[in-house]
Amino acid sequence: MRAPERTIHTRLYKLICQQCNQLTERDSDGPRTLYCEICRPPSGAKDDSPQRKKKTRPVLVTRTQASRSSKSDRS
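Written out as structure tokens, the structure is:
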């Protein structure tokens, strides 16, 4: 089953940057931004993410002869 396709709606905001006080336009898909793209550039996907630990491989546990004989003695 495929996931449904999504369209991200963006909106163009005209604003005065709170850091440099210049009139600017900025495209945003979330809440209204307060800064221009020069003062706060848009954040992209982070490539610095820490590496995930690899899952440990399952280990095959073999029974010893002593444990086999003790189980057969019980029956």
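Under our numbering, the first residue of the sequence shown carries the number 764, and numbering increases by one thereafter.
Glycine is no exception: its CB is placed at the ideal position from the N, C-alpha and C atoms.
Keep in mind that this is a model prediction, so the values were computed, not measured.
With respect to the C-alpha of proline 794, the residue from Thr773, Leu823, Ile779 having the closest C-alpha is Thr773.
The three-state reading of DSSP puts lysine 816 in coil, since its state is none of H, G, I, E or B. In the structure shown, isoleucine 779 falls within a strand segment according to DSSP collapsed to helix, strand and coil.
Two segments are said to touch when three or more pairs of C-beta atoms, one from each, lie closer than 8 Å; by this definition the segment 765-780 touches the segment 794-803. For the pair aspartate 792 and isoleucine 771, the CB atoms are nearer than the 8 Å cut-off. When secondary structure is reduced to three states using DSSP, glutamate 788 falls in the strand class.
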